[in-house]
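Down below is the structure, laid out as structure tokens.
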Amino acid sequence: MQNVIFDWSGTVVDDLPPVVEATNAVLTRYGLEMMDRERFRREFSLPFTAFYERLLPGVEIEELELIFRPAMAASVAPVTVIPGAVAFLEKCVEAGCRMFVLSSAPPEAVEAQAEALGLAGYFEKIYAGVRDKRLRLSGILEEQRLDPEQTVMIGDMRHDVHAAQSAGVRSIAVLTGYEFPEVIAEARPDITVTDLEQLAWLLERWR
Ligand SMILES: [Mg+2]
Numbered sequence: 017m018q019n020v021i022f023d024w025s026g027t028v029v030d031d032l033p034p035v036v037e038a039t040n041a042v043l044t045r046y047g048l049e050m051m052d053r054e055r056f057r058r059e060f061s062l063p064f065t066a067f068y069e070r071l072l073p074g075v076e077i078e079e080l081e082l083i084f085r086p087a088m089a090a091s092v093a094p095v096t097v098i099p100g101a102v103a104f105l106e107k108c109v110e111a112g113c114r115m116f117v118l119s120s121a122p123p124e125a126v127e128a129q130a131e132a133l134g135l136a137g138y139f140e141k142i143y144a145g146v147r148d149k150r151l152r153l154s155g156i157l158e159e160q161r162l163d164p165e166q167t168v169m170i171g172d173m174r175h176d177v178h179a180a181q182s183a184g185v186r187s188i189a190v191l192t193g194y195e196f197p198e199v200i201a202e203a204r205p206d207i208t209v210t211d212l213e214q215l216a217w218l219l220e221r222w223r
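Residue numbering for the sequence shown follows our numbering, starting at 17 and increasing by one per position.
Right under this line is the structure:
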């Protein structure tokens, strides 16, 4: 494992509070009922274009982003580092891994969070605002000259696992994020860990 591609939301940080808030700003604008954290986790999926097509069929995604992105940027709801994430990132530094972020969240949100939480320095490059990771990951491997055999993608959603599978890299699922364990299991990740702390522990033993 020489290269690690991290999903951001639910894998490195818990950004559900502002994401749920911004989603509710969209839903209420169109007269739909607001969601609490649990219901959002049950209903949300990636790519988010499909999620909104289900809720608001026929509405252009660009129109929804004009509501979502400012609401996300204006939110003061807390974003926190997921326990164990920093220790894992440090392990990767020690092991000489190259690290990247691949996220569907708005780039301005991911970059601001990475700076504010002191995480920006760990990553060679942050690829954010990616609508469909399945269509993007192979291009990143090429652009960064990453050998798929030596690369893993770590994420908290089926979509992350599907992106890894489509690019021919191994997938590691964490259970700290948006999707419930039985949901992410449907995608059949190569490895599932409770959190990055457990993954750091496993890597230590394998070595
Ligand atoms: Mg995620």
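By construction, the Cβ of each residue, glycine as well, lies at the ideal position given by its N, Cα and C atoms.
Rank Glu159, Met115, Met173, Gly193 by C-alpha distance to the C-alpha of Val97 and give the top, closest one. Here the question's residue 97 lines up with position 81 in the sequence shown. Nearest of Glu159, Met115, Met173, Gly193 to Val97, Cα basis: Gly193.
Beta carbon of Arg186, beta carbon of Val168: below 8 Å? As a first step, residue 186 must be located in the sequence shown, where it is residue number 170. As a first step, residue 168 must be located in the sequence shown, where it is residue number 152. Contact flag set, yes.
Measuring CA to CA, which of Ala132, Leu133, Arg150, Ile156 is closest to Glu140? For the purposes of this step, residue 140 is taken as residue 124 along the sequence shown, with counting starting at 1. Checking every option, the nearest Cα to that of Glu140 belongs to Ile156.
Within its chain, find whatever has a CB closer than 8 Å to the CB of Glu202; leave out the 5 residues flanking it on each side and keep chain order. To locate residue 202, count along the sequence shown from 1; it is residue 186. Arg174.
Minimum C-alpha distance to Ile200 - residue among Ala189, Arg58, Val95: Sequence index remark: in the sequence shown, residue 200 carries index 184 (1-based). Of Ala189, Arg58, Val95, the residue nearest in Cα terms is Ala189.
Please check the pair Val29 and Phe84, which I expect to be a contact at CB under 8 Å, by giving their CB distance rounded to whole angstroms. Sequence index remark: in the sequence shown, residue 29 carries index 13 (1-based). Sequence index remark: in the sequence shown, residue 84 carries index 68 (1-based). Contact flag wrong, Cβ pair sits at about 18 Å.
Counting C-beta neighbours from all protein chains within 10 Å, is the total for Gln129 16 or more, i.e. buried, or is it exposed? The sequence position of residue 129 within the sequence shown is 113, counting from 1. So Gln129 ends up on the buried side.
Consult DSSP for Thr27 and reduce its assignment to one of helix, strand or coil. Start at 1 with the first residue of the sequence shown, and residue 27 comes out as number 11. Thr27: coil per DSSP, three-state reduction.
Where do the N-terminal and C-terminal ends of the alpha helix (DSSP H) with Phe104 fall, by residue? For this step, residue 104 is matched to residue 88 along the sequence shown. Phe104 -> alpha helix (DSSP H) spans 101-110.
Under 7 Å: does the beta carbon of Tyr194 sit that close to some heavy atom of ligand 1? Indexing the sequence shown from 1 puts residue 194 at position 178. It does: the Cβ of Tyr194 is within 7 Å (strictly closer) of some heavy atom of ligand 1.
Can you list, in chain order, the residues of its chain with a C-beta nearer than 7 Å to that of Pro94? Leave out the 5 residues immediately preceding and following it. Counting from one through the sequence shown, the residue named residue 94 turns up at place 78. Cβ neighbours of Pro94 beyond the five flanking positions: Pro33.
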